[in-house]
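Sequential numbering from 62 applies to the sequence shown in the working numbering. Below you'll find the structure, written out as structure tokens, and then a few comments.
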Amino acid sequence: MTLRSKLALFISLLLLSIAAFAMEPFVIKDIKIEGLQRTEPGTVFNYLPVQVGDTMTEDKSSEAIKTLYRTGFFKDVRIEADQDILLITVQERPTIADIQFSGNKMFQSDKLKESLKSIGLAEGQIFDKTKLEFMEQEIKKQYLSLGKYTATVKTSTSPLERNRVAIRFDIEEGIISRIKEISLVGNQIYDQSDLKSNFELKTTNWLSWWYKDDQYSKQKLTADLESLKSFYMNRGYLEFSIDSTQVSISPDKEDVYITINIVEGPKYKVLEVKLAGDLQQIPESELQNLIKIKKDEIYNREKITESTKGMNKRLGNDGFAFSNVNAIPEINKDDHTASFTFFVDPGRKVYVRRIDIEGNERTRDDVIRREFRQVESGWYAADKIDRSKVRLTRTQFFSDVNIETPAVPGSTDQVDLKVKVTEKNTGSIMFGAGLSSAEGLVGSFNVTQANFLGTGDRVSAQVNTGSINKTYALNVTKPFYTPEGISLGYNIYRRDVNTSSMRVVSYNTSSYGAGINFTVPLSEKNSISYGVIFDNTKVSNLVNGVSPDRYIEFCDKLTGANNSTSCTMNSLTFSAGLGSDTRDNILMTKSGLLQKVSGEISAPGFDIQTYKIVLQNTWYKEVAKNMTFSLNGQFGYANAYGGKEYPFFKNFFVGGVNTVRGYAQGTIGPYTSNASNGENLFMGGNKQIVGNAELSMPMPFIRNNEQFRLSAFIDAGNVYGKDESLNLGDLRYSAGVGALWISPFGPLKLVFAKPFNNQIHDVTESIQFQMGQQF
62 MTLRSKLALF
72 ISLLLLSIAA
82 FAMEPFVIKD
92 IKIEGLQRTE
102 PGTVFNYLPV
112 QVGDTMTEDK
122 SSEAIKTLYR
132 TGFFKDVRIE
142 ADQDILLITV
152 QERPTIADIQ
162 FSGNKMFQSD
172 KLKESLKSIG
182 LAEGQIFDKT
192 KLEFMEQEIK
202 KQYLSLGKYT
212 ATVKTSTSPL
222 ERNRVAIRFD
232 IEEGIISRIK
242 EISLVGNQIY
252 DQSDLKSNFE
262 LKTTNWLSWW
272 YKDDQYSKQK
282 LTADLESLKS
292 FYMNRGYLEF
302 SIDSTQVSIS
312 PDKEDVYITI
322 NIVEGPKYKV
332 LEVKLAGDLQ
342 QIPESELQNL
352 IKIKKDEIYN
362 REKITESTKG
372 MNKRLGNDGF
382 AFSNVNAIPE
392 INKDDHTASF
402 TFFVDPGRKV
412 YVRRIDIEGN
422 ERTRDDVIRR
432 EFRQVESGWY
442 AADKIDRSKV
452 RLTRTQFFSD
462 VNIETPAVPG
472 STDQVDLKVK
482 VTEKNTGSIM
492 FGAGLSSAEG
502 LVGSFNVTQA
512 NFLGTGDRVS
522 AQVNTGSINK
532 TYALNVTKPF
542 YTPEGISLGY
552 NIYRRDVNTS
562 SMRVVSYNTS
572 SYGAGINFTV
582 PLSEKNSISY
592 GVIFDNTKVS
602 NLVNGVSPDR
612 YIEFCDKLTG
622 ANNSTSCTMN
632 SLTFSAGLGS
642 DTRDNILMTK
652 SGLLQKVSGE
662 ISAPGFDIQT
672 YKIVLQNTWY
682 KEVAKNMTFS
692 LNGQFGYANA
702 YGGKEYPFFK
712 NFFVGGVNTV
722 RGYAQGTIGP
732 YTSNASNGEN
742 LFMGGNKQIV
752 GNAELSMPMP
762 FIRNNEQFRL
772 SAFIDAGNVY
782 GKDESLNLGD
792 LRYSAGVGAL
802 WISPFGPLKL
812 VFAKPFNNQI
822 HDVTESIQFQ
832 MGQQF
């Protein structure tokens, strides 16, 4: 409330109080209220400190006036006596009929109205001028925080019929004030350019139009000052301090100048590190291993912080949710050394009373609870809570998962888990097309619900039409078929392959089949899988004299005829696998390990009798913030048994976006020449080796967006035919850069690669791309 408003209110109350003092005491026989338009009489009676039968005095009259004013409903109140009848005359405050904004571009009108509503300024509410003045200043502050120092905000009110008003905000946003100079005073050891390189705020540069990093913000400056302090303290400067910070603006309000005065101080060395406090709960040797800073090292605040966090987390794993580990320094300023005592206070051991879940409008509670490793009425375990959060994130049902552990009121040994999830769309109906450098235009129809009816089950129907692959499939996966976590999946499919447009030996296959599989968890991160699938495949479009003899002979054995150009076969294949997965995220992995061993064997008595084994090992490591290095290795071997031939259409193929980039799809390994035109046609092989090393990082110019990644890679790989032995000297190599976008239509991969040691018969491609999920 402004001074003028307070003075007016004081004078009004004073005058009314003087009038009230002149009132002679009387017994109230009736109370009449005049001037009401919207307010119910009963509301006024509820607030009045007197009622019929009371003796009205000067004090009660003054109190009644003040009480009615405090309700905020009235801008004028008068009390009079008329023959023992108390007459109250009021003038109501107007209500807000309309709120309009003009000139606002940086803030949406709807968002501004939400802010107004939060303080009681909204259409239908009683108008309060002090709130309007407060909001006017708040909007100005928001523009100042964005660097718009020339912005003006003016408000006006227009009276309307039926005691209503319309409010209007006239905004002139003005120009953005930009940082002209950032100066550091007092730095002697490090250059200003090195120190300012860690700042989020920067002077105007050629990328400022995108990053907006030359726009002053008090919050950003505070963060930059903390980064500056960390820079010094992580390099031994224990007594570093920031004396003062000045922010000034030019007279025309276009340029901002920032000056930071610092004192570097001397560099300190660690003289001694020891433990103290309650060391009975966790073995002292285990706590010692968690201390990152050692004797005779240069002081490093980050290592101190990591040590205390590590010990608190370890105590939390054993139920000490409120443990407190503090590093107490003993500083010797004469010889610039510091000793640190890590004082351990475990606190009381606590257990989890209950788990409360919020935000799951579609997903059932039991779907969330089954991912939890922390149980109700069990001892608090920080590692189990962290793992529960990772498991919920990996379901891909939620865009955000937050877990809080508030203490139970009135209890010193209980906490609750407050789980707040933000659901995201898990279903999609997609009509579209993908582009592939191997297949060209790929039409697709995909109906998927990864969280079917909130049960956590995945149901999908897919139709993909490409010049090479056509797929029609229905898949259902129940990740918790049993309470123990055994998953069940079953599928039916139809797949047609036409290789005529590829640089491989031409043939067509048409397959249909159905399968079922189970996955059994062995531990939190390890599992085994097994299943069976029946398949019927027809091979066609073989050409005598053109297709390799092995292909013709394969069909001859199945049909019992000579020079067969087509054949049909059935198989019943059993599969089993062992997997270990510690990845933090399935789509955008930053750290973890994925290991798989899978094998399959076809049952005897069918047309196809084969076996296959595939090994995969993929390792991820976050080497810097938002920068991940990964190594991937794959090995595959397949063959036939019982005197049967291994089907050529089941061969491994290497080359392309998903194996060795820079080489055309499937064009590495054994080949033959087309008798009609001499073109090299690739046949694949029954042995495969693939290796990839990749460094991925955020896309430049795009901040805080996990959908885009840029990478640099080196690939190696080859396939070997049945009569060939593994020879690492025959591996093909390539290197390049790539971009990945997780788009609404599936992952988009764009690659620029250069082969190292391609041979004369190899088919290379410098630019490759793929859009749309392949099924």
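From the three backbone atoms N, C-alpha and C, an ideal C-beta is built for every residue, glycine too. Computed from a predicted structure; not experimentally measured.
Mind reading off the beta-carbon distance from residue i to residue j? Whole number of angstroms is fine, and I expect it under 8 Å.
{"i": "glutamine 276", "j": "isoleucine 319", "result": "That belief does not hold up - the Cβ atoms of glutamine 276 and isoleucine 319 are roughly 12 Å apart, past 8 Å."}
{"i": "tyrosine 724", "j": "serine 795", "result": "7 Å"}
{"i": "methionine 196", "j": "leucine 177", "result": "6 Å"}
{"i": "threonine 398", "j": "lysine 330", "result": "5 Å"}
{"i": "isoleucine 160", "j": "lysine 174", "result": "6 Å"}
{"i": "lysine 810", "j": "leucine 801", "result": "6 Å"}
{"i": "alanine 754", "j": "leucine 655", "result": "Not a contact, Cβ separation roughly 15 Å."}
{"i": "valine 751", "j": "valine 715", "result": "6 Å"}
{"i": "valine 482", "j": "valine 462", "result": "5 Å"}
{"i": "serine 659", "j": "serine 636", "result": "7 Å"}
{"i": "phenylalanine 301", "j": "valine 317", "result": "About 25 Å separates the two Cβ atoms, so there is no contact after all."}
For residue i, tell me which candidate among the options has the shortest Cα-Cα distance.
{"i": "phenylalanine 162", "options": "Ile775, Ile321 and Asp171", "result": "Asp171"}
{"i": "glycine 745", "options": "Ile729, Gly752 and Asn753", "result": "Ile729"}
{"i": "aspartate 548", "options": "Thr570, Ser590 and Ser521", "result": "Note that residue 548 is serine in the sequence shown, not aspartate. Selected option, being the one with the closest Cα: Ser590."}
{"i": "asparagine 350", "options": "Val581, Val334, Arg430 and Phe774", "result": "Val334"}
{"i": "glutamine 98", "options": "Gly133, Asn224 and Thr216", "result": "Asn224"}
{"i": "alanine 773", "options": "Asn788, Ser757 and Pro761", "result": "Ser757"}
{"i": "glycine 782", "options": "Asn747, Leu583 and Val581", "result": "Asn747"}
{"i": "threonine 538", "options": "Gly550, Asn530 and Glu545", "result": "Gly550"}
{"i": "serine 625", "options": "Gly326, Ala522, Tyr612 and Asn295", "result": "Tyr612"}
{"i": "lysine 192", "options": "Gly133, Gln169 and Thr509", "result": "Gly133"}
{"i": "proline 470", "options": "Thr516, Val675 and Arg414", "result": "Arg414"}
{"i": "tyrosine 681", "options": "Ile674, Ala664 and Met649", "result": "Met649"}
{"i": "arginine 296", "options": "Asp285, Ser311, Leu336 and Tyr251", "result": "Tyr251"}
{"i": "isoleucine 146", "options": "Lys93, Ser827 and Thr643", "result": "Lys93"}
With DSSP collapsed to three states, give me the class of residue i.
{"i": "alanine 443", "result": "helix"}
{"i": "tryptophan 802", "result": "strand"}
{"i": "methionine 630", "result": "strand"}
{"i": "lysine 599", "result": "strand"}
{"i": "valine 411", "result": "coil"}
{"i": "phenylalanine 134", "result": "coil"}
{"i": "serine 676", "result": "The sequence as given places leucine at residue 676; serine does not occur at that position. In the structure shown, leucine 676 sits in a strand (DSSP, three-state: E or B)."}
{"i": "alanine 699", "result": "strand"}
{"i": "glutamine 198", "result": "helix"}
{"i": "asparagine 350", "result": "helix"}
{"i": "alanine 183", "result": "coil"}
{"i": "tyrosine 298", "result": "coil"}
{"i": "glutamine 203", "result": "helix"}
{"i": "phenylalanine 710", "result": "helix"}
{"i": "proline 102", "result": "helix"}
{"i": "valine 451", "result": "helix"}
{"i": "asparagine 687", "result": "coil"}
{"i": "phenylalanine 87", "result": "strand"}
Going by other Cβ atoms of all chains shown within 10 Å of its Cβ, with 16 needed for buried, is residue i buried or exposed?
{"i": "asparagine 842", "result": "This structure cannot settle anything about residue 842, because the visible part of the chain is limited to 62 through 836."}
{"i": "glycine 697", "result": "buried"}
{"i": "valine 246", "result": "exposed"}
{"i": "tyrosine 108", "result": "exposed"}
{"i": "arginine 793", "result": "buried"}
{"i": "valine 113", "result": "exposed"}
{"i": "glycine 439", "result": "exposed"}
{"i": "glutamine 820", "result": "exposed"}
{"i": "serine 460", "result": "exposed"}
{"i": "threonine 456", "result": "buried"}
{"i": "proline 155", "result": "buried"}
{"i": "serine 258", "result": "exposed"}
{"i": "alanine 575", "result": "exposed"}
{"i": "valine 308", "result": "exposed"}
What I want to know is whether the C-beta of residue i ends up closer than 8 Å to one or more non-hydrogen atoms of the ligand MG.
{"i": "threonine 728", "result": "What this structure holds is no ligand at all, so the ligand MG is not there to describe."}
With which residues is residue i paired in a DSSP beta bridge?
{"i": "tyrosine 591", "result": "Phe579 and Ala637"}
{"i": "asparagine 779", "result": "Ile750"}
{"i": "glutamate 484", "result": "Phe459"}
{"i": "proline 344", "result": "Per DSSP, none; premise fails for proline 344."}
{"i": "isoleucine 232", "result": "Val214"}
{"i": "glycine 550", "result": "Thr538 and Asn578"}
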